[in-house]
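Chemist: Residue numbers for the sequence shown follow the numbering used here, beginning at 43 and rising by one.
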Amino acid sequence: MEEELVSEWKNHVTHRLDEILPANTSIQSSLIKERALSITSDNFFVPSTIAFVCITKEADLTHELLKHGAKPTDDMIQQSSVIRMGALGLVNLKGCQSIASSAAMVGMAKEAKMMCDWMKRESKLLTFSMSEPPELEGACFIRNRTLGVMINILQESTFPSSKVSGKSDQILLM
Numbered sequence: 043m044e045e046e047l048v049s050e051w052k053n054h055v056t057h058r059l060d061e062i063l064p065a066n067t068s069i070q071s072s073l074i075k076e077r078a079l080s081i082t083s084d085n086f087f088v089p090s091t092i093a094f095v096c097i098t099k100e101a102d103l104t105h106e107l108l109k110h111g112a113k114p115t116d117d118m119i120q121q122s123s124v125i126r127m128g129a130l131g132l133v134n135l136k137g138c139q140s141i142a143s144s145a146a147m148v149g150m151a152k153e154a155k156m157m158c159d160w161m162k163r164e165s166k167l168l169t170f171s172m173s174e175p176p177e178l179e180g181a182c183f184i185r186n187r188t189l190g191v192m193i194n195i196l197q198e199s200t201f202p203s204s205k206v207s208g209k210s211d212q213i214l215l216m
C-alpha cells in the first residue's frame, strides 16, 4: 500500500523545491516500511499488527481521498498523516498502554475503512466541511477524539513524568 500511496502523491503534487509534502510522505512511508520489516521478530506482535492495520487503513483512506480529488493539503489528508505517524509511534508500547493504544487504533482503522468504502461506493470526495452522510454520522467526531487519545498515550509514554496541557491536541484535532 505504501508504494501506491507514494505514487498517488506524485500524481497530485507539483514538484517545487519548497514543497515539503512529497518529501514528508516519502519519509513517512520509508519509516513505516522499515519498521514493518523489523517487527516480525517482536514479542508484542498483536499490538504491532494492530498498529500496522491502522497505518494501512489510513494509507488506503489517503489514497482514496487523493483519487477523488482531495488536495494534499486538505485537512483529512493531514489528519490521516498525523494518525499514521502516531500509530507508528505507538507500535512499541507494552502493558496497559498497549491495550489502550490498540483499542484506539482499531477504532481509527474501522472509521478509515468506513469512510474509504463510502467514497468508493458513492464516487464522491468526503470532506470535513460537507454535511455528513447518515452512515458516516459521527465518524469525524470519533476520529478527532480518538486521535486525541492516541496523542495523549504517546505523550505519556514518551514523557511519563511531565504533565501535558493538551494544547497540542487542539491544534492537531482541527
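Ideal placement from N, C-alpha and C gives every residue a C-beta, glycine not left out.
Please classify F87: is it buried, with 16 or more other beta-carbons within 10 angstroms of its beta-carbon, or exposed?
Modeler: Flag for F87 reads exposed.
Chemist: How many whole angstroms separate the CB atoms of S199 and Q139, which I take to be in contact at a CB cut-off of 8 Å?
Modeler: 6 Å
Chemist: Does the Cβ of R126 have 16 or more other Cβ atoms within 10 Å, making it buried, or fewer, making it exposed?
Modeler: buried
Chemist: What three-state label does DSSP hand K155 in the structure shown?
Modeler: helix
Chemist: Looking at C-alpha atoms only, which residue of M118, C182, A93 and S165 is the closest neighbour of G131?
Modeler: A93
Chemist: Less than 8 Å between the beta carbons of D102 and A146, yes or no?
Modeler: no
Chemist: When you compare the CB positions of A151 and K99, do they come within less than 8 Å of one another, or not?
Modeler: yes
Chemist: Report buried or exposed for P89, applying the criterion of at least 16 other Cβ atoms within 10 angstroms of its Cβ.
Modeler: buried
Chemist: Take S165 as the anchor and find which of T91, D117 and H110 has the nearest alpha-carbon.
Modeler: H110
Chemist: Reducing DSSP to helix, strand and coil, say where K113 ends up.
Modeler: Looking at K113 - three-state DSSP - the assignment turns out to be coil, as it is neither helix nor strand.
Chemist: Within the same chain, show all residues whose beta-carbon is closer than 6 Å to that of I184, passing over the 5 residues directly before and after it, in chain order.
Modeler: E153
Chemist: What do you reckon, are the CB atoms on K107 and L178 nearer than 8 Å?
Modeler: Contrary to the premise, residue 107 reads as Leu rather than Lys in this sequence. Contact flag unset, no.
Chemist: Using a 10 Å radius around the Cβ and a threshold of 16 neighbouring Cβ atoms, would you call G128 buried or exposed?
Modeler: Under this definition G128 is a buried residue.
Chemist: Could you check the C-alpha separation between D159 and C96 for me, to the nearest Å?
Modeler: Cα to Cα, the separation comes out at about 15 Å.
Chemist: Can you grab the Cα-Cα spacing for the pair G161 / T104, in whole Å?
Modeler: According to the sequence provided, residue 161 is Met. The question's Gly does not apply to it. Whole-angstrom Cα-Cα distance: 11 Å.
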